[in-house]
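Below is one structure, written out as structure tokens, with a few remarks after it.
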Amino acid sequence: MTTAIPNSYRIGPDERGHFGIFGGRFVAETLMPLILDLEKAYADAKADPAFQAEMNSYRTHYVGRPSPLYYAERLTEHLGGAKIYFKRDELNHTGSHKVNNVLGQIMLARRMGKQRIIAETGAGQHGVATATLCARFGLDCVVYMGAVDVERQQPNVLRMEMLGAKVIPVQSGARTLKDAMNEALRDWVTNVHNTFYCIGTVAGPHPYPMMVRDFQSVIGQETRAQMQEAEGRLPDSLVACIGGGSNAMGLFHPFLDDPSVEIFGVEAAGHGLTQLHAASIAGGRPGVLHGNRTYLLMDEDGQIAEAHSISAGLDYPGIGPEHSWLHEAKRVTYLSATDDEALDAFLLLSRLEGIIPALEPAHAIAKVMQLAPKKPRDHLMVVNLCGRGDKDVPQVGEILRKRAKAS
Amino acid sequence: MDARFAQLKTEGRSAFVTFVMGGDPDPETSLAIVKALPQAGADIIEIGMPFTDPMADGPSIQAAGLRALKAGMTLKKTLHLVRSFRETDTATPIVLMGYYNPIYIYGVDRFLDDAKSAGVDGLIIVDLPPEEDTELCIPALKAGLNFIRLATPTTDDKRLPAVLANTSGFVYYVSITGITGAAAADSSAVGAAVARIKRHTALPVCVGFGIRTPETARAIAANADGAVVGTALVDALKASLDADGRATARTVSAVADLAAALAQGVRGAQQAAE
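Going line by line, the protein sequences match chains E and G. Under numbering that gives the first Met the number 0, the residues of the first sequence are numbered 0 to 406, in order. Under numbering that gives the first Met the number 0, the residues of the second sequence are numbered 0 to 273, in order.
See below:
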């Protein structure tokens with residue numbers, strides 16, 4: 000499968016929601032009229048300066064944007080190569096980049112007169128962000144979360160409940176993010192008349208991949224301006240972790256048409272690519288699930304495979320369709336990091352920079368540890384630190400205790 | 000398919016459409032069940048193509064698909080099931096129902112060839128709305144297979160023409176907004192909805208989702224060209240399995256007996272109408 004090199008990497012999707020062969024609107028008829036309404040409502044909002052102004056105001060005063068671009072001096076010295084900057088989206092209200100997207104979608108839901116919000120969540124970061132904004136605007140909130148994730152991300156479950164959301168543990172399938180999304184879609188089909196589905200990543204039927212990307216692009220836009228201020232030029236490379244890929248798309252998109260900027264996405268290689276993992280691009284092929292065509296992990300009969308990652312937020316057998324397209328267009332290089340590599344990076348960053356990252360961006364840090372030493376000292380590398388690790392402290396603590404016992 | 004509806008029209012009655020999951024609980028038992036359905040009164044048989052992630056199905060049909068997959072069912076074996084059924088029954092229309100990904104991975108052209116030669120009459124693919132017609136709908140129609148579309152309570156008059164444009168065989172009206180096996184359908188609302196669809200098309204309109212008993216089947220059939228029952232049959236099958244989820248001596252008859260009772264319900268509608 001080949002993709003012609005386009006004049007711009009930033010013009011997609013087309014009017015049918017396609018990025019090359021990827022994307023689309025593969026949903027049940029019950030949802031189709033609503034998806035068309037949503038597309039129209041989003042186009043109207045996007046063109047409305049009042050909507051943008053209101054969003055910017057909440058970004059500044061509620062979310063805490065812009066997030067800093069921070070020179071990670073000790074990590075840079077330790078690795079002895081590229082000059083490493085962190086885009087500190089873990090400092091946002093709610094502790095991750097997820098809030099950027101949720102703010103936009105909740106404002107849109109209010110505009111559309113929807114009172115009931117549903118969401119799926121893996122690590123719980125999207126669920127917490129959704130519960131937070133629903134509390135802020137007085138909306139009903141139901142969050143679907145795989146039962147396995149409910150177990151391993153308890154702090155976020157408690158936060159959602161304190162914020163007034165109803166968390167429904169999903170018992171089907173592998174009981175992780177994919178199954179949570181199935182259940183959210185079933186809820187949506189049932190309650191389509193009053194419910195807005197706040198999807199947490201750059202996946203799902205059109206217009207979600209485009210809309211979520213637009214809301215997250217604030218990350219890359221700020222990075223451009225901040226790097227200009229700090230170094231007087233563009234960065235040389237960008238690195239971000241990828242489950243569905245919303246933090247990565249948010250950082251990457253404003254730089255796609257700058258050929259001097261090398262771009263790396265990092266998938267979760269779990270136990271390793273020959274074993275259980277969640278790296279859809281490295282180990283999958285194009286298929287159709289959850290409303291879009293994209294790279295998926297599956298068997299030869301087209302049955303979707305169970306993903307595995309230490310990080311609940313990356314534990315998904317698919318990836319956003321625009322990433323699939325950028326992969327085939329060879330604009331972005333997709334790498335992967337194993338559970339163990341991510342854990343090592345998690346610990347290194349905690350000790351060196353005094354920042355406990357979420358396990359998700361720890362995957363990006365793991366690849367920075369390999370990429371940065373090979374680059375010259377004037378190479379400017381930006382990593383998206385998309386979430387903080389508070390939620391992972393109990394899980395990592397448990398793993399370290401087991402490790403200590405075993406040795 | 001058209002012949003079957005024409006025949007039903009001369010008999011003055013509605014179609015009884017049954018859904019069972021292909022390969023549930025295992026390929027052999029599943030074939031025996033499908034073979035027993037016409038005898039029990041099924042006019043059209045829908046066979047589910049198992050998929051790991053059936054996003055419009057409730058717990059019963061999700062579980063049926065997983066039982067089938069666990070028993071080794073694949074799309075190839077579902078086509079084989081149809082081929083085996085056709086060895087003894089060339090009259091009962093067979094519709095394959097499911098999700099797009101297994102077909103996409105099998106290869107659209109190869110699938111259409113194999114489905115046609117196996118004796119499949121039509122397809123219902125839940126996650127292919129008219130906006131994605133170039134994927135499978137148009138190629139299927141060209142290959143001579145019916146592409147049966149779902150219309151729902153959210154499909155308004157403005158949208159109906161788009162939904163009906165490339166539909167053939169019949170229109171499947173989903174009587175509720177929801178997943179399979181959920182709330183019961185309200186027969187008066189269904190009657191109005193069927194009448195609305197019939198203003199836009201000459202195709203027969205069959206109604207499904209929420210029909211579980213002979214009484215509901217009768218009430219729905221009185222207002223439509225056919226009544227589709229799925230979850231109730233799948234539940235009857237499940238209730239007949241042993242503790243390990245394997246077929247027992249009762250499994251085939253459990254499904255066939257309920258189908259026969261439901262068929263009586265559907266046939267009763269015609270008598271009531273006369």
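Even for Gly, the Cβ is constructed at its ideal location relative to N, Cα and C.
Using the C-alpha atoms, what's the distance from Asn-100 (chain G) back to Ala-164 (chain G)?
Rounded to whole angstroms, Ala-164 (chain G) to Asn-100 (chain G) spans 23 Å at the Cα level.
Rounded C-alpha distance that separates Ala-336 (chain E) from His-307 (chain E)
Ala-336 (chain E) and His-307 (chain E) have their alpha carbons spaced roughly 12 Å apart.
Where Asp-185 (chain G) and Lys-157 (chain G) are concerned, what is the direct C-alpha to C-alpha distance, given to the nearest angstrom?
Answer to the nearest angstrom: the Cα atoms are 23 Å apart.
Using 10 angstroms around the beta-carbon of Met-161 (chain E), count the other beta-carbons present and answer buried if the total reaches 16, otherwise exposed.
Met-161 (chain E) should be labelled exposed.
Measure the alpha-carbon distance for Ala-139 (chain G) versus Lys-197 (chain G) and round it to whole angstroms.
Roughly 24 Å between the two C-alpha positions.
Would you mind stating whether Leu-127 (chain G) and Phe-169 (chain G) have Cβ atoms separated by less than 9 Å?
Result no, Cβ atoms of Leu-127 (chain G) and Phe-169 (chain G) do not sit closer than 9 Å.
DSSP state of Glu-190 (chain E), grouped into three classes?
Sequence check: residue 190 (chain E) is Asn here, not Glu. Note: Asn-190 (chain E) maps to coil in three-state DSSP.
Pick out whichever of E:Ala-27, E:Arg-64, E:Arg-350, E:Asp-300 has its Cα sitting closest to the Cα of Glu-130 (chain G).
In this structure, E:Ala-27 is the residue among E:Ala-27, E:Arg-64, E:Arg-350, E:Asp-300 with its C-alpha nearest to the C-alpha of Glu-130 (chain G).
Taking the C-alpha atoms as reference points, what is the distance between Arg-232 (chain E) and Thr-131 (chain E)?
Cα-Cα distance, rounded: 36 Å.
Nearest candidate by alpha-carbon position, reference Met-111 (chain E), set E:Glu-53, E:Tyr-41, E:Gly-121, E:Lys-82
Of all alpha-carbon atoms in E:Glu-53, E:Tyr-41, E:Gly-121, E:Lys-82, the one lying nearest the alpha-carbon of Met-111 (chain E) is that of E:Tyr-41.
Indicate whether at least one CB of chain G lies closer than 9 Å to the CB of Met-226 (chain E).
For Met-226 (chain E), the answer is no, since every Cβ of chain G falls outside 9 Å of its Cβ.
Between the Cα of Tyr-315 (chain E) and those of E:Glu-321, E:Trp-324, E:Ile-303, spot the shortest distance and give me the residue it belongs to.
Distances from the CA of Tyr-315 (chain E) to each of E:Glu-321, E:Trp-324, E:Ile-303 were compared; the closest alpha carbon is that of E:Ile-303.
Examine chain E for any beta-carbon lying closer than 9 Å to the beta-carbon of Thr-73 (chain G), and answer yes or no.
Taking a beta-carbon distance threshold of 9 Å, Thr-73 (chain G) counts as an interface residue toward chain E.
Taking 9 Å as the cut-off, decide whether the C-beta atoms of Leu-232 (chain G) and Thr-91 (chain G) are in contact.
No; because the gap between Cβ atoms is not below 9 Å, this pair is not in contact.
Beta carbons nearer than 9 Å to chain E: which residues of the region 85-105 of chain G have them?
So the list reads Tyr-98, Tyr-99, Asn-100, Pro-101, Ile-102, Tyr-103, Ile-104, Tyr-105, given in the order they occur along the chain.
Between G:Gln-38, G:Tyr-172, G:Arg-249, which has its C-alpha nearest Phe-84 (chain G)'s C-alpha?
Per the Cα distances, G:Gln-38.
Using a Cβ cut-off of 9 Å, pull out every chain E residue sitting near Phe-50 (chain G), in sequence order please.
Neighbours of Phe-50 (chain G) on chain E, chain order: Gly-301, Gln-302, Ile-303.
From Met-54 (chain G) to Lys-401 (chain E), what distance separates their C-alpha atoms?
As the crow flies, the alpha-carbon of Met-54 (chain G) is around 38 Å from that of Lys-401 (chain E).
Per DSSP, the bridge partner or partners of Met-380 (chain E):
DSSP lists E:Ile-83, E:Ser-236 as the beta-bridge partner residues of Met-380 (chain E).
From the beta carbon of Met-54 (chain G), is the nearest beta carbon of chain E less than 9 Å away?
Met-54 (chain G) counts as touching chain E.
Does any C-beta atom of chain E lie closer than 9 Å to the C-beta of Phe-169 (chain G)?
No, its Cβ sits nowhere closer than 9 Å to a Cβ of chain E.
Under the three-state DSSP convention, the category His-17 (chain E) falls into
In the structure shown, His-17 (chain E) sits in a strand (DSSP, three-state: E or B).
Where Glu-273 (chain G) sits in the DSSP three-state scheme
Confidence in Glu-273 (chain G) is poor, its pLDDT being 43 and thus under 50, which makes the residue's placement unreliable; the coordinate value appears in the next sentence. In the three-state scheme derived from DSSP, where H, G and I count as helix and E and B as strand, Glu-273 (chain G) is classed as coil.
Can you pull the chain E neighbours of Glu-45 (chain G), defined as C-beta to C-beta under 9 Å?
What Glu-45 (chain G) touches in chain E: nothing, since even the nearest Cβ is about 16 Å away.
By the criterion of Cβ-Cβ separation under 8 Å, what are the contact partners of Glu-131 (chain G) in chain E?
Residues of chain E passing the Cβ test: Gly-23, Arg-24, Phe-25.
Counted within 10 angstroms of its Cβ, other Cβ atoms place Glu-273 (chain G) as buried (16 or more) or exposed:
At Glu-273 (chain G), the pLDDT of 43 sits below 50, so the modelled position is not reliable; the number obtained from the coordinates is stated separately. By the neighbour-count rule (16 or more Cβ atoms within 10 Å), Glu-273 (chain G) is not buried but exposed.
Name the DSSP beta bridge partners of Asp-139 (chain E), please?
Paired residues: E:Arg-115.
Which residues, taken in chain order from the region 151-164 of chain G, show a beta carbon closer than 8 Å to some beta carbon of chain E?
For the region 151-164 of chain G, the beta-carbon criterion of a distance under 8 Å to any beta-carbon of chain E is satisfied by Thr-151, Pro-152, Thr-153, Thr-154, Asp-155, Arg-158, Val-162.
Between the region 207-227 of chain G and chain E, which residues of the former have CB atoms less than 8 Å from a CB of the latter, in chain order?
From the region 207-227 of chain G, no residue has a Cβ closer than 8 Å to chain E.
Do Val-382 (chain E) and Thr-176 (chain G) come within 9 Å of each other at the CB atom, strictly closer than that value?
With respect to the 9 Å criterion, Thr-176 (chain G) and Val-382 (chain E) are not classified as neighbours on the basis of their beta carbons.
Can you check DSSP and say which residues form a bridge with Ala-197 (chain E)?
This sequence places Cys at residue 197 (chain E); Ala is not what is there. Answer is none; Cys-197 (chain E) lacks a bridge partner.
Hey, would you say Ala-118 (chain E) sits closer than 9 Å to Val-149 (chain E), going by beta carbons?
No; because the gap between Cβ atoms is not below 9 Å, this pair is not in contact.
Check each residue of the region 166-179 of chain E: if its Cβ is closer than 9 Å to any Cβ of chain G, include it; give the result in chain order.
For the region 166-179 of chain E, which is checked against every Cβ of chain G, the residues closer than 9 Å are Ser-171, Gly-172, Lys-177, Asp-178.
Examine chain E for any beta-carbon lying closer than 9 Å to the beta-carbon of Leu-68 (chain G), and answer yes or no.
Yes, Leu-68 (chain G) lies at the interface with chain E (some Cβ there is under 9 Å from its Cβ).
Contact list for Ala-181 (chain G) against chain E, beta-carbon separation under 8 Å:
Those are Thr-189, listed as they occur along chain E.
Nearest chain E C-beta to Glu-273 (chain G) closer than 9 Å, yes or no?
Interpretation of Glu-273 (chain G) is limited by its pLDDT of 43, a score under 50 that renders its predicted location unreliable; the figure taken from the coordinates is listed afterwards. False, the Cβ-Cβ gap to chain E never drops below 9 Å.
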